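In order, the protein sequences belong to chains A and B.
Take 1 as the starting number for the first sequence in our numbering and just add one per residue.
Take 138 as the starting number for the second sequence in our numbering and just add one per residue.
Idealized CB from N, CA, C, for every residue including glycine.
Since this is a predicted model, take the numbers as computed values, not measurements.
There are 2 protein chains.
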Amino acid sequence: MAHFFREKLKEKGLKVTPQRVAIYEAIVNLKNHPTAENVIEYIKLNHPNISVGTVYKVLDSLVENELLKKVKTEKDIMRYDAVLSNHHHLYCIETERIEDYEDENLNEMISNYFKNKKIKNFKVQDIKLQITGKFNK
Amino acid sequence: MAHFFREKLKEKGLKVTPQRVAIYEAIVNLKNHPTAENVIEYIKLNHPNISVGTVYKVLDSLVENELLKKVKTEKDIMRYDAVLSNHHHLYCIETERIEDYEDENLNEMISNYFKNKKIKNFKVQDIKLQITGKFNK
DNA sequence: TATCTAAAAGATAATCATTCCTATTTAAGA
DNA sequence: TCTTAAATAGGAATGATTATCTTTTAGATA
Ligand SMILES: [Mn+2]
Ligand SMILES: [Mn+2]
Ligand SMILES: [Zn+2]
Ligand SMILES: [Zn+2]
Chain A
1 MAHFFREKLK EKGLKVTPQR VAIYEAIVNL KNHPTAENVI EYIKLNHPNI
51 SVGTVYKVLD SLVENELLKK VKTEKDIMRY DAVLSNHHHL YCIETERIED
101 YEDENLNEMI SNYFKNKKIK NFKVQDIKLQ ITGKFNK
Chain B
138 MAHFFREKLK EKGLKVTPQR VAIYEAIVNL KNHPTAENVI EYIKLNHPNI
188 SVGTVYKVLD SLVENELLKK VKTEKDIMRY DAVLSNHHHL YCIETERIED
238 YEDENLNEMI SNYFKNKKIK NFKVQDIKLQ ITGKFNK
């Protein structure tokens, strides 16, 4: 589980520290694309002396090294994602909930569409859907 | 130009103030989905006494009343959009540039796709593409 | 047109997520 | 085990945003 992560750190020349492992596991376990604060709260249970600055620095460096991604939101609080595979997001219009949405057919349809239809003056690297709406219940 | 805006304010029961008009025009003219700071800088040219708090308050209330939209980003600085029609965004991976992308065929294709393919436990209200990549120079 | 008043703007302090700084600790290679 | 560059802890600083309080004003009314 954390083995993949340790290997990735080594690949990138980053030291394997308990803080980095804990922060990564927090993101994986918390689901719902947690904030730095969510991560700190979660980690403090088992790792009470972690420093806030460390959490922010680690999150930043993991994003930099492509072990995490940031999620685009309309808030000034950053949220993080441990799912690196190509997927989309469901944004709840009444809560802060953000869920993953995987859909291989959709990916293919969009990728086909942009194989023909080029956008002028723009080289596409990645396409994600932000699907806003309401969760049932 | 600003006539539409004045009418909309009245509809919503909001007073038509010079500050609101100036802020709205700033967003329209600046393009590139400006930040509050961009707006303040722009407005100060013709309206030197505007208060920072007013700008934030007005932006908030215009979003609330659906005269502006927020743009989703990975930064803790909010950006605003005066284009209300259904459109997508091109995000530059190396600069802060965000451009509008309108594509009626694309909208139709996606809308058709989700007419059949329902997402379980989720009622879709709006779908936008965030297209990341690079602008040609 | 002058008067009235709730809403809005201005000025400035407070908040709080994030960043910065630096002394101390530690992962990991020799 | 020793060494050292990298990382962490702890606390101060930053800066976008929000809150508070006073003054002004848009627009309704007489
Ligand atoms: Mn954001
Ligand atoms: Mn901030
Ligand atoms: Zn995700
Ligand atoms: Zn736009």
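Through-space distance from residue j to residue i, alpha-carbon basis
i: D197 (chain B); j: Q19 (chain A); result: 38 angstroms
i: V192 (chain B); j: N116 (chain A); result: 43 angstroms
i: K181 (chain B); j: K152 (chain B); result: 21 angstroms
i: P185 (chain B); j: I256 (chain B); result: 50 angstroms
i: D263 (chain B); j: F251 (chain B); result: 11 angstroms
i: A82 (chain A); j: E64 (chain A); result: 13 angstroms
i: L9 (chain A); j: H3 (chain A); result: 10 angstroms
i: K57 (chain A); j: Y91 (chain A); result: 27 angstroms
i: I268 (chain B); j: I110 (chain A); result: 11 angstroms
i: G53 (chain A); j: I77 (chain A); result: 15 angstroms
i: E241 (chain B); j: V124 (chain A); result: 18 angstroms
i: S188 (chain B); j: Y161 (chain B); result: 15 angstroms
i: N273 (chain B); j: N121 (chain A); result: 5 angstroms
i: I93 (chain A); j: D237 (chain B); result: 22 angstroms
i: Y80 (chain A); j: H87 (chain A); result: 14 angstroms
i: E41 (chain A); j: V28 (chain A); result: 14 angstroms
i: L84 (chain A); j: E203 (chain B); result: 34 angstroms
i: N38 (chain A); j: K149 (chain B); result: 37 angstroms
i: F5 (chain A); j: T17 (chain A); result: 11 angstroms
i: L205 (chain B); j: L266 (chain B); result: 18 angstroms
i: A163 (chain B); j: A22 (chain A); result: 45 angstroms
i: N183 (chain B); j: E102 (chain A); result: 49 angstroms
i: I235 (chain B); j: L243 (chain B); result: 19 angstroms
i: E144 (chain B); j: M138 (chain B); result: 11 angstroms
i: E96 (chain A); j: L62 (chain A); result: 23 angstroms
Exercise for the section: May I have a chain-ordered list of the alpha helix (DSSP H) segments no shorter than 4 residues that lie completely inside the region 186-211 of chain B? Expected result: 189-201
Exercise for the section: Mind listing which residues have their beta carbon within less than 5 angstroms of any non-hydrogen atom of ligand 4? Chain order is fine. Expected result: B:D218, B:V220 and B:D237
Practice task
May I ask you to verify whether the region 73-83 of chain A touches the region 14-33 of chain A, counting CB pairs closer than 8 angstroms and requiring at least 3?
Solution key: yes
Exercise for the section: Note down, one range per segment and in chain order, each beta strand (DSSP E) of at least 3 residues found wholly within the region 4-33 of chain A. Expected result: none
Practice task
Quick one: which unbroken alpha helix (DSSP H) runs of 4-plus residues sit fully inside the region 237-269 of chain B? Chain order, please.
Solution key: 241-253
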